[in-house]
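Numbering (this note's numbering), first residue to last: -3 to 152.
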């Protein structure tokens, strides 16, 4: 079951990287792939988690108000940051057990964010509305777990 979840996450990640989002994908390829919406990449684990919280809160707000173009850019930013979370945790000095938990949770959050992207059908060129409540509990749980490590020392 766990390996099939990882396989799905990997397949979604590959399709996300290959498909892009319509005409904006060409522009994004020309820009630094880390910076879809001029969002500076975090440099620490704590910054990563803080940025994820802020971006996901903005995504929820924009979806509620129907501002779908903004959401597409933010989803890309969340994906980029989420993919970097395990590396940031490793740099912070977390032990192997915590690194495994952080990686699993960041993979789970990435898969959840992909549900938003796919649900909006953003790659079609005309984004659709998405009901954030369908993923809110998963997002909240993942953020809570990732945030729980911010307060702890890496070796605690």
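Glycine included, each C-beta is placed from N, C-alpha and C at the ideal position.
The structure presented is a predicted model; accordingly, all values stated were derived computationally and were not measured.
Which residues bound the alpha helix (DSSP H) around residue i?
{"i": "residue 147", "result": "Careful: residue 147 lies outside any alpha helix (DSSP H) and carries neither H nor E."}
{"i": "residue 111", "result": "92 to 116"}
{"i": "residue 82", "result": "64 to 88"}
So for residue i, helix, strand or coil by DSSP?
{"i": "residue 127", "result": "coil"}
{"i": "residue 46", "result": "helix"}
{"i": "residue 132", "result": "helix"}
{"i": "residue 57", "result": "helix"}
{"i": "residue 139", "result": "helix"}
Mind reading off the beta-carbon distance from residue i to residue j? Whole number of angstroms is fine, and I expect it under 8 Å.
{"i": "residue 135", "j": "residue 105", "result": "7 Å"}
{"i": "residue 71", "j": "residue 112", "result": "6 Å"}
{"i": "residue 129", "j": "residue 108", "result": "Rounded, the Cβ-Cβ distance is 13 Å, inconsistent with contact."}
{"i": "residue 157", "j": "residue 53", "result": "Lying outside -3 to 152, the shown extent of the chain, residue 157 is not represented and no answer is given."}
{"i": "residue 125", "j": "residue 51", "result": "Not quite, the Cβ-Cβ distance comes to about 19 Å (not below 8 Å), so this is no contact."}
Nearest to residue i by alpha carbon, out of the options?
{"i": "residue 62", "options": "39, 143 and 127", "result": "127"}
{"i": "residue 59", "options": "141, 100, 142 and 131", "result": "131"}
{"i": "residue 103", "options": "78, 45, 66 and 57", "result": "78"}
{"i": "residue 74", "options": "56, 91 and 145", "result": "56"}
{"i": "residue 68", "options": "42, 99 and 116", "result": "116"}
{"i": "residue 143", "options": "42, 76 and 87", "result": "42"}
Taking 7 Å as the cut-off, is the beta-carbon of residue i closer than that to any non-hydrogen atom of the ligand ZN?
{"i": "residue 93", "result": "Looking at this structure, you won't find the ligand ZN or any other ligand, since it has none at all."}
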